[in-house]
Amino acid sequence: MAEEKSQASSSKMLTLKASDGVLFEVELNIAKEMKTVQAYIDDCEDIETIPIPNVLGKHLAIVIEYIKKTNEEYDAEFEKQWNMDDLQLLLLAANYLNISGLQECLCKAIAKRIENKSPEYVRKVFNIENDHSPEEEAKLRKEYKWAFEGVDKD
Amino acid sequence: MQVDKMASTKLGMEQGNNEEDSNRSNSSNALPLSSSGKKMKEDKDISPLDGDMLDIVSKKLVSFDDLFNFSAVCKEWRAVHKIYWRKFLESQSPLIVQTTRNAKRFYSFYSIPEKRAYSSKLSYFRGKSYCGSSSGYLVMAGANNILQLMNPFTRKQKIIDISVVRKDLTYFACRVLLAFTRDSDEFVLVASCKRFLGLYVYHSRNSSWKTYSKRGHPWKVVDFVLFNNTIYVLTYKAEIGVLSLNSESLKFLKLKNTPNVPSWSYSLLSCDGELLVVDFVPNKVLDVYRIDWETMSYVKLQTLGERALFHSPYKCYALANPGKWGFESNRVYSIDWDSIDRDSAECEVYSGSNNELVECIMLAGSSREVRSRSTPYWLDWCFRNQHDEVDYSLVE
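Chains as they are written, first to last, in the working numbering: chain A, 1 to 154; chain B, 155 to 550.
Put into structure tokens, the structure is as follows:
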């Protein structure tokens, strides 16, 4: 009897409503990967439509797709799809929905994009202000080329 | 490729996956406007990169230089990096530092328990000889009569002129120990070479070298170690002497049960408050002694107990409670020149009880810059948390 019940609940469909009104019908076990949604379901068992106020339809679509298809191969290709802005917005969505696998995947993508890049580039891309004092700046500049000066013949 | 193409087209997303796309930070090819009409840039007031996410990003970075750049972005990122880096440096788990012939400038630091390699860009090492690692510094001997000491963890460098002792120290088989004087940037460097087995000490406070045993006379020195803020020296006859920094002398301990077979491969180790003497040849010799201070004698150990040894052609180290750091007790982890003939290096693990080979660990997943298909150039153990300190006043 218990088995029947769980079988019924695993094929149960839920509706997620994105911030711009777009609706997504997903299976319960997919929705449960989003811990925020899981908490919502735990609180109100009979709910059928769950509002996701912080995430746009197009991002929610990507997130749902990710949950359905995630594996090593998919993840490796997934992270190449998006530009920096999208990565950040997807990460915002993943944070809000509390999906740790997607968070890791997106952070890894961001790390790859900032490899070998200067702090100036990173600030520009993330719209971050440089709040170092001039003394700190000077110290950082000195530490940057710490092992290269003076001794090498190129 | 697996992403649903139809869905993506419907969403108007671009399938760009190269640097050019991500470099363009204007929103021309970015998202279409949301239904509320706001442009994406304004939504950037909320950054997804809060402390937790920044922490994850920093852990995905492989190169110490990328981590340094990460910390240079702004105060918040620097704070995240500081916490991560402090924890990283506290680890007593040794890294295997190595370079390969084609790598030119990149040094790889491999962690066996994490099965991953970190990398760092230091100065060119072709034409320089590696002398050892001590207190987190990699010591390289250059062609122009200098020793270059580089600490990739603190990004500090020291240059020592060795013109004075150059003739007595052959570069390619050097042994060094770097120790700092407490609460000061001053340091001493103890040096010896395997050819002559002499003993020399450099003092930074007056930029001078002191000779203790010129070319192995009067003592043939095989190893030295810092123990209780004092430098202990081991001769090939297994005599242990205390090095006085204020005079050019060694004061030898009167120990009973000193091994009566001399050996060029004796090592002197400090482990969790104990002084050990080890003779290790893979599969052939494993003699481990503990110095018992109450009886003032050598005590032979039948097993390593809750210790692990880390052996390289340069030096031997001991680690207490290795289980805490991802290694096993009663084991000798050995990296050797022999393994360098193969395409990638490996670590052989021997039993501390009977010196039999227990396993071989491939150093997989080397970082991109240090390509595993080119033969390793040299490799050694590096303890990132090590910071030896001496006290000038201790020995008389």
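The C-beta atom is built at its ideal place from N, Cα and C for all residues, glycine as well.
Practice problem: With DSSP as the reference, please indicate the residues paired to H371 (chain B) in a beta bridge. | Solution: Residue numbering aside, residue 371 (chain B) sits at position 217 when the second sequence is read from its first letter. DSSP output for H371 (chain B) lists B:K368 as bridge partner(s).
Quiz item: Can you name, in chain order, every residue of its own chain whose Cβ lies under 7 Å from the Cβ of T70 (chain A), other than the five neighbours on each side?
Solution: Position 70 of the first sequence, counted from the start, is the residue given in the question as residue 70 (chain A). Residues G101 of the same chain have their beta carbon placed closer than 7 Å to that of T70 (chain A), with the five preceding and five following residues left out of the count.
Self-check item: Residue environment, I47 (chain A), which counts as buried when at least 16 other CB atoms sit within 10 Å
Solution: Your numbering for residue 47 (chain A) matches position 47 in the first sequence. With fewer than 16 other Cβ atoms within 10 Å, it is exposed.
Quiz prompt | Coil, strand or helix - E73 (chain A) by DSSP | solution = Taking the first sequence and counting its residues from 1, the one referred to as residue 73 (chain A) is at position 73. Correct three-state label for E73 (chain A): helix.
Quiz item: Per DSSP, K405 (chain B) forms a beta bridge with which residues?
Solution: Your numbering for residue 405 (chain B) matches position 251 in the second sequence. Among the bridge pairs identified by DSSP, K405 (chain B) is matched with B:V396.
Quiz item: Three-state secondary structure (DSSP) at K142 (chain A)?
Solution: In the first sequence, the residue the question calls residue 142 (chain A) occupies position 142. Here K142 (chain A) sits in helix by DSSP.
Quiz item: Are the segment 330 to 341 of chain B and the segment 426 to 444 of chain B touching by the rule of at least three beta carbon pairs closer than 8 Å?
Solution: Verdict: no, contact absent.
Practice problem: Enumerate in chain order the residues of its own chain whose CB-to-CB distance from D583 (chain B) is below 7 Å, with the five nearest sequence positions on each side excluded. | Solution: With chain B covering only 155 through 550, there is no way to say anything about residue 583 (chain B).
Quiz item: When you compare each of B:I210, B:V216 and B:P248 to Y556 (chain B) by their alpha carbons, which one comes out closest?
Solution: Absent from the model: residue 556 (chain B). The displayed extent of chain B is 155 to 550, so no value can be given.
Quiz item: Where does G477 (chain B) fall in DSSP's three states?
Solution: Along the second sequence, read from residue 1 onward, the residue named residue 477 (chain B) stands at position 323. When DSSP states are grouped into helix, strand and coil, G477 (chain B) belongs to the helix group.
Quiz item: In chain order, what residues of the same chain have a beta carbon less than 7 Å from the beta carbon of I515 (chain B), not counting five sequence neighbours either side?
Solution: Your numbering for residue 515 (chain B) matches position 361 in the second sequence. Around I515 (chain B): I266, E500, C501 and V503.
Practice problem: From the DSSP output, in three-state form, read off R309 (chain B) for me. | Solution: By 1-based counting over the second sequence, the position of residue 309 (chain B) is 155. DSSP places R309 (chain B) in coil when its eight states are reduced to three.
Self-check item: Separation of F24 (chain A) from I112 (chain A), as counted between CA atoms
Solution: In the first sequence, residue 112 (chain A) corresponds to position 112, counting from 1. In the first sequence, residue 24 (chain A) corresponds to position 24, counting from 1. It is worth fixing the name first, because residue 112 (chain A) is Lys in this sequence and not Ile. Rounded to whole angstroms, K112 (chain A) to F24 (chain A) spans 31 Å at the Cα level.
Quiz item: Since D534 (chain B) sits in a beta bridge, which residues does DSSP pair it with?
Solution: By one-based count along the second sequence, residue 534 (chain B) stands at place 380. Beta bridge pairing from DSSP links D534 (chain B) with B:V251.
Exercise. Could you name the residues of chain B that P119 (chain A) contacts, counting a contact when the two beta carbons are closer than 7 Å?
Key: Against the first sequence, residue 119 (chain A) aligns to sequence position 119. Per Cβ cutoff of 7 Å: N223, A226 and V227.
Quiz item: What does R270 (chain B) touch in chain A if you count any residue whose Cβ is under 8 Å from its own?
Solution: Within the second sequence, the letter at position 116 stands for residue 270 (chain B). Against chain A, a Cβ distance below 8 Å from R270 (chain B) picks out nothing, because the smallest value is about 13 Å.
Self-check item: Residue-level contact to chain A via CB, D220 (chain B), 8 Å cutoff
Solution: Mapped onto the second sequence, residue 220 (chain B) falls at position 66. Yes, its Cβ sits closer than 8 Å to a Cβ of chain A.
Quiz prompt | Contact check, V568 (chain B) vs Y386 (chain B), beta carbons under 8 Å | solution = Because chain B here runs from 155 to 550, residue 568 (chain B) falls outside it and cannot be looked at.
Practice problem: Report all residues from its chain with a CB closer than 8 Å to the CB of A45 (chain A); omit the five preceding and five following residues, and keep chain order. | Solution: For the purposes of this step, residue 45 (chain A) is taken as the residue at position 45 of the first sequence. A small fix is needed here, since residue 45 (chain A) is Glu in this sequence, not Ala. Excluding positions up to five away in sequence, the list is empty.
Quiz prompt | Closer than 8 Å to chain B by CB, I67 (chain A) | solution = Taking the first residue of the first sequence as position 1, residue 67 (chain A) is located at position 67. Interface residue (Cβ-Cβ distance to chain B less than 8 Å): I67 (chain A) is not classified as such.
Quiz item: Taking the Cβ atom as the reference point for each residue, do Q246 (chain B) and L473 (chain B) lie within a distance shorter than 8 Å?
Solution: The residue given as residue 246 (chain B) occupies position 92 in the second sequence. The residue given as residue 473 (chain B) occupies position 319 in the second sequence. In this structure, L473 (chain B) lies closer than 8 Å to Q246 (chain B) by Cβ.
Quiz item: In this structure, does DSSP put E136 (chain A) in helix, strand or coil?
Solution: Translated into positions along the first sequence, residue 136 (chain A) becomes position 136. DSSP places E136 (chain A) in helix when its eight states are reduced to three.
Quiz prompt | Terminal residues of the beta strand (DSSP E) in which K275 (chain B) lies | solution = For this step, residue 275 (chain B) is matched to residue 121 along the second sequence. From DSSP, the beta strand (DSSP E) with K275 (chain B) extends over R270 to K275.
Quiz prompt | Cβ distance (whole Å) where E402 (chain B) is taken to contact Y366 (chain B) below 8 Å | solution = On the second sequence, residue 402 (chain B) is found 248 positions in, with the first residue counted as 1. On the second sequence, residue 366 (chain B) is found 212 positions in, with the first residue counted as 1. Taking 8 Å as the upper bound for CB-CB distance, E402 (chain B) and Y366 (chain B) are in contact here, some 5 Å apart.
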